[in-house]
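*Asks:* Heads up: the sequence shown begins at 0 in numbering that gives the first Met the number 0, then just goes up one per residue.
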Amino acid sequence: MKTDDLKKAAAQAAITYIEPKLNPETIVGVGTGSTTNHFIDALGAIRHKFDSAVSSSVASTARLEDVGVHVIDLNAAPRVLVYVDGADEVEPGKAALKGGGGALTREKIIVAACDEFVCIVDDSKCVDQLGSFPLPVEVIPMARSFVARRLVELGGDPVYRDGLITDNGNVILDVHGLTIDAPDTLESEISNIAGVVTNGIFAANRADTLIVASAEGVSIR
Ligand code: 5RP
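#1: Would you call the region 120-136 and the region 155-172 in contact, with 3 or more CB pairs under 8 Å?
#2: Among all residues, which have a Cβ less than 5 Å from at least one non-hydrogen atom of the ligand 5RP, and in what chain order do they fall?
#3: Among the residues of its own chain, which have a CB less than 8 Å from the CB of Leu96, if the five just before and after it don't count?
#4: Quick one: give me the first and last residue of the beta strand (DSSP E) that Leu172 is part of.
#5: Ignore the nearest five residues each way along the sequence and tell me which others in Asp40's own chain have a CB closer than 7 Å to its CB.
#6: If we ignore side chains and look at the alpha-carbon of each, how far apart do Gly194 and Cys118 end up?
#7: Rounded to whole angstroms, what is the Cα-Cα separation between Glu69 and Gly162?
#8: So what's Gly43 in DSSP terms, helix, strand or just coil?
#9: Of all the CB atoms in chain D, is at least one closer than 8 Å to the CB of Leu80?
#10: Do you know whose CA, among Asp183, Ala75, Asn36, lies nearest Val53's CA?
#11: Taking DSSP as the reference, what is the three-state secondary structure of Phe38?
#12: For Ala10, count neighbouring Cβ atoms within 10 angstroms of its own Cβ and tell me buried if that reaches 16, exposed if not.
#13: With the cut-off set at 8 Å, would you say Asn204 and Ala111 are in Cβ contact?
#14: To the nearest whole angstrom, what separates the beta carbons of Lys20 and Leu63, a pair I think is in contact under 8 Å?
#15: Could you give the DSSP three-state label for Glu115: helix, strand or coil?
#16: Tell me the residue span of the alpha helix (DSSP H) that contains Asp84.
#17: Terminal residues of the continuous alpha helix (DSSP H) containing Leu129?
#18: Is the beta carbon of Thr31 sitting closer than 8 Å to the one on Gly100?
#19: Glu152 lies in the alpha helix (DSSP H); which residues open and close that run?
#20: Select from Pro182, Ser59, Asp114, Cys125 the residue whose C-alpha is nearest the C-alpha of His37.
#21: Going by other Cβ atoms of all chains shown within 10 Å of its Cβ, with 16 needed for buried, is Lys1 buried or exposed?
Here it is, written out as structure tokens:
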């Protein structure tokens with residue numbers, strides 16, 4: 000089975016999982032990326048079953064509006080029932096590494112604000128320990144070199160993601176070679192460096208529900 004078919008299967012399983020929870024007042028949180036794009040496309044078909052969505056990126060907002068989903072600002076959302084998003088890696092404790100698409104800051108804000116984070120992946124994203132995928136760190140532009148030096152002190156090899164400005168007007172350093180054996184600790188350590196907006200470790204607010212699609216079928220963990 001092709002990876003994209005697995006992404007679609009995980010997204011469809013998320014629709015089946017959230018549909019019974021929806022009511023006309025529900026606000027659904029929506030992530031960013033190719034797996035989430037399949038979720039958005041399927042969400043359009045059930046748009047009459049919930050009120051609106053909050054979105055983690057300009058790209059997802061445009062796609063949601065294309066399928067007829069009303070998108071509101073998070074500031075106007077008293078409650079986000081469920082947030083559905085992909086990941087670049089996820090480990091057995093459901094901590095994830097995210098931000099390959101550069102939307103990590105808004106993703107992390109909505110994850111923190113939601114009642115339930117449903118992470119949807121194909122099985123190639125499941126790892127024993129995070130860190131083979133380079134860790135994205137969103138940085139205020141003037142702090143780029145300073146933050147890079149601090150990340151080297153932490154054992155990483157930061158690479159500037161050339162040409163990318165985030166939806167928040169910042170830059171991204173992709174950090175290779177980190178040993179992420181204590182995701183909670185490293186998440187807060189990196190976030191505490193002055194000039195860092197967010198890093199792509201989602202451990203403090205990890206997935207509540209993990210939907211994994213493989214050639215054998217879909218599992219909900
Ligand atoms: C975007 C993300 C994505 O969820 C992550 O990169 C996975 O993307 P895809 O579903 O395209 O494999 O964190 O910032």
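All C-beta atoms, glycine included, are put in the ideal place defined by N, C-alpha and C.
*Replies:* Concretely, from the data shown:
#1: Between the region 120-136 and the region 155-172 there are three or more C-beta pairs closer than 8 Å, enough to call the two in contact.
#2: The chain-ordered list of residues whose CB is nearer than 5 Å to some heavy atom of the ligand 5RP reads Thr31, Gly32, Ser33, Thr34, Gly85, Asp87, Lys97, Gly98, Gly99, Gly100, Ala102.
#3: Here residue 96 refers to the residue found at position 97 when the sequence shown is read from its first residue. Within the same chain, Leu96 has close Cβ partners Ala86, Asp87, Glu88, Val89, Leu129, Gly130, Phe132, Leu134, Ile179, Gly199, Ile200, Phe201.
#4: Walking along the sequence shown from the start, residue 172 turns up at place 173. Boundaries of the beta strand (DSSP E) around Leu172: 170-175.
#5: The residue labelled residue 40 in the question sits at position 41 within the sequence shown. Taken in chain order, the residues that qualify are Val66.
#6: Within the sequence shown, residue 194 is the residue found at index 195, counting from 1. Within the sequence shown, residue 118 is the residue found at index 119, counting from 1. Whole-angstrom Cα-Cα distance: 28 Å.
#7: Reading the sequence shown from its first residue, position 70 is the one you call residue 69. Reading the sequence shown from its first residue, position 163 is the one you call residue 162. Correcting the residue identity first, residue 69 is His in this sequence and not Glu. Straight-line Cα distance between these residues: approximately 31 Å.
#8: Here residue 43 is taken as the residue at index 44 of the sequence shown, counted from 1. Here Gly43 sits in helix by DSSP.
#9: The question asks about chain D, but that chain is absent: this structure has only one protein chain.
#10: To locate residue 53, count along the sequence shown from 1; it is residue 54. If we check each option's Cα against that of Val53, Ala75 comes out closest.
#11: The residue you call residue 38 lines up with position 39 of the sequence shown. Correct three-state label for Phe38: helix.
#12: On the sequence shown, residue 10 is found 11 positions in, with the first residue counted as 1. Buried.
#13: What you label residue 204 is simply residue 205 of the sequence shown in a count that begins at 1. What you label residue 111 is simply residue 112 of the sequence shown in a count that begins at 1. The answer is yes: Cβ separation under 8 Å.
#14: Counting from one through the sequence shown, the residue named residue 20 turns up at place 21. Counting from one through the sequence shown, the residue named residue 63 turns up at place 64. Lys20 to Leu63, Cβ: 18 Å. No contact.
#15: As a first step, residue 115 is located in the sequence shown; it is residue number 116 there, counting from the start. Secondary structure of Glu115 (DSSP, three-state): coil.
#16: Working through the sequence shown from its first residue, we reach residue 84 at position 85. Following the DSSP letters along the chain, one finds Asp84 in no alpha helix (DSSP H) but inside the beta strand (DSSP E) bounded by residues 81-84.
#17: Taking the first residue of the sequence shown as 1, we reach residue 129 at position 130. Leu129 -> no alpha helix (DSSP H), and no H or E assigned at all.
#18: As a first step, residue 31 is located in the sequence shown; it is residue number 32 there, counting from the start. As a first step, residue 100 is located in the sequence shown; it is residue number 101 there, counting from the start. Closer than 8 Å, so yes.
#19: For the purposes of this step, residue 152 is taken as the residue at position 153 of the sequence shown. In this chain, the alpha helix (DSSP H) harbouring Glu152 covers 143-152.
#20: For this step, residue 37 is matched to residue 38 along the sequence shown. Measuring C-alpha to C-alpha distances from His37 to each of Pro182, Ser59, Asp114, Cys125 identifies Ser59 as the nearest.
#21: Your numbering for residue 1 matches position 2 in the sequence shown. Classification for Lys1: exposed.
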